[in-house]
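Okay, so here's the structure we're looking at.
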Amino acid sequence: MKKVKNLLWILLVIFLLIQFFRPAKNQAAQASPNDIAEKYVVPMNILMDLNTACYDCHSNYTHYPWYFHIQPVAWWMNSHIQEGKHHLNFSEFATYPPDVARKKFHHIYEVMRDHSMPISSYLWMHKEARLTDQQYQQVAEWALQMSRQPQLINDSTN
Numbered sequence: 001m002k003k004v005k006n007l008l009w010i011l012l013v014i015f016l017l018i019q020f021f022r023p024a025k026n027q028a029a030q031a032s033p034n035d036i037a038e039k040y041v042v043p044m045n046i047l048m049d050l051n052t053a054c055y056d057c058h059s060n061y062t063h064y065p066w067y068f069h070i071q072p073v074a075w076w077m078n079s080h081i082q083e084g085k086h087h088l089n090f091s092e093f094a095t096y097p098p099d100v101a102r103k104k105f106h107h108i109y110e111v112m113r114d115h116s117m118p119i120s121s122y123l124w125m126h127k128e129a130r131l132t133d134q135q136y137q138q139v140a141e142w143a144l145q146m147s148r149q150p151q152l153i154n155d156s157t158n
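All letters in the sequence shown, in the order written, are residues 1 to 158 by full-length UniProt numbering.
What follows is the structure, encoded as structure tokens:
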């Protein structure tokens, strides 16, 4: 019994100590000139859906819930954000070469078609990020159109 008690004390001390080691937050100070909406035609309803369901992990603007301040949750969330931004970053989308952008648009189409994003672990705590079937369909159709028709790309920034 004494060993269990000592182990619990050690675990408590470790838990308290790790609270002081936090990852940097993913919050840019200002809007990015490379945001997807700066270069591409993004209808407002699509942009709102992307913002609500995707931007926390796929942009430079994460809104942090209260539980982010508890370790090791913050490390876990940070790893998801970094991985998400590695695959697709809406805040830097305008920097992608046209062929890469078209592939990214097609991937957006696929995940919206399959309803595979946002991931279920994110949706547990972010009910507002749940898209309706109609929203999934609208985003998927827009992304597919963007991947197929280069003339829809807003070249006014080039």
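Built from N, CA and C at the ideal position, the CB exists for glycine as well.
From the options, residue whose alpha carbon lies closest to that of residue i
{"i": "P98", "options": "R148, V4, L123 and Q71", "result": "R148"}
{"i": "Q82", "options": "L8, H58 and A37", "result": "H58"}
{"i": "E19", "options": "Q71, E141 and A31", "result": "Before going on, a small fix: residue 19 reads as Gln here, not Glu. With distances taken between Cα atoms, Q19 lies closest to Q71."}
Proximity below 8 Å, CB of residue i to CB of residue j
{"i": "D35", "j": "A74", "result": "no"}
{"i": "Y96", "j": "K85", "result": "no"}
{"i": "N60", "j": "S91", "result": "yes"}
{"i": "M125", "j": "P65", "result": "yes"}
Burial state of residue i, where buried means 16 or more other Cβ atoms lie within 10 Å
{"i": "V41", "result": "exposed"}
{"i": "M1", "result": "exposed"}
{"i": "F15", "result": "exposed"}
{"i": "P118", "result": "buried"}
{"i": "Y67", "result": "exposed"}
{"i": "F21", "result": "exposed"}
{"i": "D56", "result": "buried"}
{"i": "L11", "result": "exposed"}
{"i": "D49", "result": "buried"}
{"i": "K127", "result": "exposed"}
{"i": "K3", "result": "exposed"}
{"i": "S32", "result": "buried"}
For residue j and residue i, believed in contact at Cβ under 8 Å, the rounded distance
{"i": "N26", "j": "T62", "result": "4 Å"}
{"i": "A143", "j": "T52", "result": "Actually they do not touch by this definition, with Cβ atoms about 16 Å apart."}
Range covered by the alpha helix (DSSP H) that runs through residue i
{"i": "E38", "result": "I36 to K39"}
{"i": "F90", "result": "It is not in any alpha helix (DSSP H) - F90 carries neither H nor E in the DSSP assignment."}
{"i": "M125", "result": "S120 to M125"}
{"i": "residue 170", "result": "No information on residue 170 is available, as it lies outside the stretch 1 to 158 that the chain covers here."}
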